[in-house]
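J.: Structure below; questions to follow.
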Amino acid sequence: MRIHKTEGIVLAAQAHGEADRLLRVFTRDMGKRSFVLKGIRKSRRRPQGAADPGTRLLLTFYEHDNRATHIVTELRIAAHCADIRDSMERICHLALMLETVDGTSGFDDPNPTVFEMISAAVAALAATDSPVVLSLFFLLHLLRIHGVLPPMGACARCGKPYADFAFGDADLRPVCAACARRDRPPPTLFPASARELLSTLLSTRFSAINTAALPVDTALDLLFRAVLFIEGYYHIEIKSKKLLFSLHRNDDA
Ligand SMILES: [Zn+2]
Numbered sequence: 017m018r019i020h021k022t023e024g025i026v027l028a029a030q031a032h033g034e035a036d037r038l039l040r041v042f043t044r045d046m047g048k049r050s051f052v053l054k055g056i057r058k059s060r061r062r063p064q065g066a067a068d069p070g071t072r073l074l075l076t077f078y079e080h081d082n083r084a085t086h087i088v089t090e091l092r093i094a095a096h097c098a099d100i101r102d103s104m105e106r107i108c109h110l111a112l113m114l115e116t117v118d119g120t121s122g123f124d125d126p127n128p129t130v131f132e133m134i135s136a137a138v139a140a141l142a143a144t145d146s147p148v149v150l151s152l153f154f155l156l157h158l159l160r161i162h163g164v165l166p167p168m169g170a171c172a173r174c175g176k177p178y179a180d181f182a183f184g185d186a187d188l189r190p191v192c193a194a195c196a197r198r199d200r201p202p203p204t205l206f207p208a209s210a211r212e213l214l215s216t217l218l219s220t221r222f223s224a225i226n227t228a229a230l231p232v233d234t235a236l237d238l239l240f241r242a243v244l245f246i247e248g249y250y251h252i253e254i255k256s257k258k259l260l261f262s263l264h265r266n267d268d269a
């Protein structure tokens, strides 16, 4: 048994026995891991909010060689996303991003880039005026880091540049309008502005993007498509999508 320290973002938490909590945390050094917080539901010494999804923790824990969960001995909150919790829309986007990282990452598979990206996204979520664009940005870059984002620069079938386009069945490979029209039934096309949006999101830092100038409806359609792709590719269900998309549809109504 060895003692380790690391930093991590809480992905999910659940009750564990009478007084403990079981946390899934994406750590900087070890990737996704399960930790037990002893007595957190009763103890006053544990900081409030330590088990809230999205919280960034500094953890000291016992590493057990043959166990899947590790026991936390000390913890400090490095950042708590209290600002996000006032808005249902932001809570839904936080849940979407955390759930996607959780569902697309294996245990003990370190990826510091993913850790940095989640930390930055949680911080950006509190401040951005466009959580939809942030979530889309996040999912696209996560897919790219995982190596499953197809090239977006040309039609996947004819290899030509495109304006209007559709996505192929169950994937995110762009198909130009001319090729897509041959499919039966012909798929719904995304406008050329969607291609520009994708190219902006994939080539620019989030903080440098003028989100107010981007078409939110198009971003929402693309986000929905990206979530469906992730569910199919990883064989997971993104539970937060239902509430998130019903929330945004009600906005439009
Ligand atoms: Zn084509």
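Here this note's numbering = 1-based position in the sequence shown + 16.
Each residue gets a CB set at the ideal place from its N, CA and C atoms; glycine is no exception.
Under the rule that 16 or more other beta-carbon atoms within 10 Å means buried, what is Ala29, buried or exposed?
T.: Burial call: buried.
J.: At a cut-off of 8 angstroms, would you count Ala194 as near ligand 1, judging by its Cβ distance to the nearest heavy atom?
T.: Yes, the Cβ of Ala194 comes within 8 angstroms of a heavy atom of ligand 1.
J.: Given a cut-off of 9 angstroms, decide if Pro126 and Thr227 are closer than it, judged by their beta-carbon atoms.
T.: Not a contact, by the Cβ cut-off of 9 angstroms.
J.: Buried or exposed: which applies to His251, given that a residue is buried once 16 or more other Cβ atoms fall within 10 Å of its Cβ?
T.: It counts as exposed.
J.: Between which two residues does the alpha helix (DSSP H) harbouring Leu158 extend?
T.: Start and end: 147–161.
J.: Which residue from Cys108, Ala136, Ala193, Cys97 puts its Cα closest to that of Ser223?
T.: Residue Ala136 is the option with its Cα nearest to Ser223.
J.: Closest to His157 by C-alpha separation, out of Leu218, His20, Leu239, would be which residue?
T.: It is Leu218 whose Cα lies nearest to the Cα of His157.
J.: Quick one: Cα of Pro202 to Cα of Gly184, how far?
T.: Taking the straight line from one Cα to the other gives about 11 angstroms.
J.: Using only alpha-carbon positions, find the residue among Met113, Cys192, Ala142 that is nearest to Phe2.
T.: Nothing about residue 2 can be reported from this structure: the residues present for the chain run from 17 to 269 only.
J.: Hey, quick one: how far does the alpha helix (DSSP H) through Glu90 stretch, first residue to last?
T.: Unbroken run through Glu90 is the beta strand (DSSP E), 85–95; no alpha helix (DSSP H).
J.: Using only alpha-carbon positions, find the residue among Gly24, Gly248, Phe131 that is nearest to Ile161.
T.: Residue Phe131 is the option with its Cα nearest to Ile161.
J.: Could you check the C-alpha separation between Asp68 and Lys255 for me, to the nearest Å?
T.: Approximately 17 angstroms, taken between the alpha carbons.
J.: So, is Lys258 buried or exposed, given that buried needs 16 or more other C-beta atoms within 10 angstroms?
T.: Result: exposed.
J.: I'd like to confirm something about Arg211: is its beta-carbon nearer than 8 angstroms to some heavy atom of ligand 1, or not?
T.: No.
J.: Would the region 163–176 count as touching the region 134–150 if we require 3 or more Cβ pairs under 8 angstroms?
T.: Contact fails: fewer than three Cβ-Cβ distances are below 8 angstroms.
J.: Can you name the start and end residues of the alpha helix (DSSP H) that Gly122 belongs to?
T.: Run containing Gly122: none; DSSP gives neither H nor E here.
J.: Please list the terminal residues of the continuous alpha helix (DSSP H) segment that includes Cys195.
T.: Cys195 -> alpha helix (DSSP H) spans 193–196.
J.: Output yes or no for whether 9 angstroms exceeds the beta carbon distance between Leu238 and Asp118.
T.: Cβ distance not < 9 angstroms, so Leu238 and Asp118 don't count as in contact.
J.: With burial defined as no fewer than 16 other Cβ atoms inside 10 Å of the residue's Cβ, what is the status of Lys21: buried or exposed?
T.: That one is exposed.
J.: In three-state terms, what does DSSP make of Val318?
T.: Residue 318 lies beyond the residue range present for the chain, which begins at 17 and ends at 269; the question has no answer from this structure.
J.: Given the structure, does Cys108 come close to ligand 1, in the sense that its CB is under 8 angstroms from one of the ligand's heavy atoms?
T.: Cys108: no, Cβ never under 8 angstroms from ligand 1.
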